[in-house]
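In what follows, a structure is listed as structure tokens, so that the remarks can point back to it.
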Amino acid sequence: MAESGTKINNKPDSKKKVGLDRTHTEETSLQHHPPGLKLESTGKAEEGPAQAQLEARRRLRVEADWDQLDGGRKDSPEPQRAMGLKTLAGENFEKVSAAENAIKTLQTQNASLLDCIEDLENRSQRANLRIVNVPEGSKNGKDPVKFVAELLLEMTVTEVFDNPSTLERAHRSPGQKPADGRKPHPFVVCFHRFPKKRVATEMGKTARDEIQGESRQNLPRSTMSRKRSSYNSIKQSLYQKGIRFQLLYPARLRVTFNEETLVFNTPEEAKQFYDQRINV
1 MAESGTKINN KPDSKKKVGL DRTHTEETSL QHHPPGLKLE STGKAEEGPA
51 QAQLEARRRL RVEADWDQLD GGRKDSPEPQ RAMGLKTLAG ENFEKVSAAE
101 NAIKTLQTQN ASLLDCIEDL ENRSQRANLR IVNVPEGSKN GKDPVKFVAE
151 LLLEMTVTEV FDNPSTLERA HRSPGQKPAD GRKPHPFVVC FHRFPKKRVA
201 TEMGKTARDE IQGESRQNLP RSTMSRKRSS YNSIKQSLYQ KGIRFQLLYP
251 ARLRVTFNEE TLVFNTPEEA KQFYDQRINV
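Okay, here's the thing in structure tokens:
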């Protein structure tokens with residue numbers, strides 16, 4: 001029993017408890033820090049061998065985490081979708097390349113076919129001739145072949161076209177009869193022999209006559225004639241230089257220069273050769 005007047009304080013001393021707790025905390029923190037670390041009053045740790053080991057372990061752990069994360073990304077749907085898109089893009093590129101090659105082949109074949117068609121058309125019309133400004137109704141019911149033969153004979157005043165058999169066919173261009181005051185439809189004539197047609201062509205470049213009060217002129221009109229005439233400029237230049245050349249059918253130019261024979265398919269090719277090899 002306590003004496004009277006004596007007070008018993010059951011509460012622990014707070015100051016003493018706090019001091020014990022601080023001591024315990026410092027001891028515990030010292031136990032958790034690995035050896036090799038020196039604690040200063042500033043609270044900062046100096047680096048030592050143990051700190052270097054910790055940094056190395058931390059670095060290895062981070063690298064392992066990144067490797068694991070990267071592996072997870074490879075297995076995720078997004079990279080798989082990206083790889084699929086990349087593969088699809090490669091396949092599409094191959095298909096586009098194949099399509100471009102096919103288009104180039106078709107373009108080459110198409111150009112070749114167009115040349116063949118034009119050549120066949122020009123050959124089929126090589127002996128044809130158009131005679132323009134012949135008045136409507138001037139043949140007076142005569143056979144067109146006989147009428148054109150007499151017309152050519154009258155124009156040339158020779159016996160070149162005296163025989164109607166020289167012409168295979170002759171007819172006016174199809175169409176409705178033009179009204180008064182409008183140009184008549186031209187005559188289309190097919191010669192049996194090409195030399196006869198060439199004579200008529202050369203004659204028609206300069207000959208103009210009067211038939212029943214109307215002027216008449218015969219002129220060749222075809223794509224081939226326009227192509228052949230496109231060589232006139234380069235032909236004149238070659239002629240002035242004294243260089244031998246020949247215009248081939250349908251529209252090609254053969255040039256002999258320094259014992260070398262060259263054939264050009266376009267006037268541009270011939271002009272380029274002239275500028276580079278001759279006109280220097």
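Note that UniProt numbering has the sequence shown beginning at 1, numbered continuously upward.
For each residue, glycine too, the CB sits at the ideal point set by N, CA and C.
Count the other CB atoms, across all protein chains shown, that sit within 10 Å of the CB of residue i; report buried if there are 16 or more and exposed otherwise.
{"i": "THR166", "result": "buried"}
{"i": "ALA200", "result": "buried"}
{"i": "PHE194", "result": "exposed"}
{"i": "ARG228", "result": "buried"}
{"i": "VAL255", "result": "buried"}
{"i": "PHE187", "result": "buried"}
{"i": "TYR274", "result": "buried"}
{"i": "ALA149", "result": "buried"}
{"i": "MET83", "result": "exposed"}
{"i": "PHE264", "result": "buried"}
Would you say residue i and residue j are within 8 Å of each other, going by their C-beta atoms?
{"i": "HIS185", "j": "PRO178", "result": "yes"}
{"i": "LYS235", "j": "ILE278", "result": "no"}
{"i": "LYS183", "j": "LEU129", "result": "no"}
{"i": "THR223", "j": "ASN122", "result": "yes"}
{"i": "TYR231", "j": "LEU248", "result": "no"}
Could you have a look at residue i and say whether DSSP puts it in helix, strand or coil?
{"i": "ILE117", "result": "helix"}
{"i": "GLU168", "result": "strand"}
{"i": "VAL199", "result": "helix"}
{"i": "GLU150", "result": "helix"}
{"i": "GLN176", "result": "coil"}
{"i": "THR261", "result": "strand"}
{"i": "GLN80", "result": "helix"}
{"i": "GLN246", "result": "strand"}
{"i": "ASN92", "result": "helix"}
{"i": "ARG254", "result": "strand"}
{"i": "ASN140", "result": "coil"}
Measuring CA to CA, which of the options is closest to residue i?
{"i": "VAL134", "options": "ASP119, LEU151, GLN107", "result": "LEU151"}
{"i": "HIS192", "options": "SER233, TYR249, ARG126, ILE131", "result": "ARG126"}
{"i": "SER233", "options": "LEU248, GLY137, ALA270", "result": "ALA270"}
{"i": "GLU260", "options": "GLN272, ILE243, PRO250", "result": "ILE243"}
{"i": "GLU268", "options": "LEU253, PHE257, ASN258", "result": "LEU253"}
{"i": "ILE131", "options": "GLU91, VAL189, LEU114", "result": "VAL189"}
{"i": "GLU168", "options": "SER124, MET155, GLU154", "result": "SER124"}
{"i": "SER237", "options": "GLN272, LEU153, SER225", "result": "GLN272"}
Please work out which residues of its chain come closer than 6 Å, Cβ to Cβ, to residue i, disregarding the five sequence neighbours upstream and downstream, and give them in chain order.
{"i": "LYS139", "result": "PHE147"}
{"i": "THR266", "result": "none"}
Leaving out five residues before and five after residue i in sequence, what residues of the same chain have Cβ atoms less than 7 Å from its Cβ?
{"i": "ASP119", "result": "PRO250"}
{"i": "GLY175", "result": "HIS185"}
{"i": "PRO144", "result": "ALA170, HIS171"}
{"i": "ASP180", "result": "none"}
Quick one: does residue i have its CB under 8 Å from some CB of chain D?
{"i": "ARG59", "result": "Note that chain D does not occur in the displayed structure, where there is just one protein chain."}
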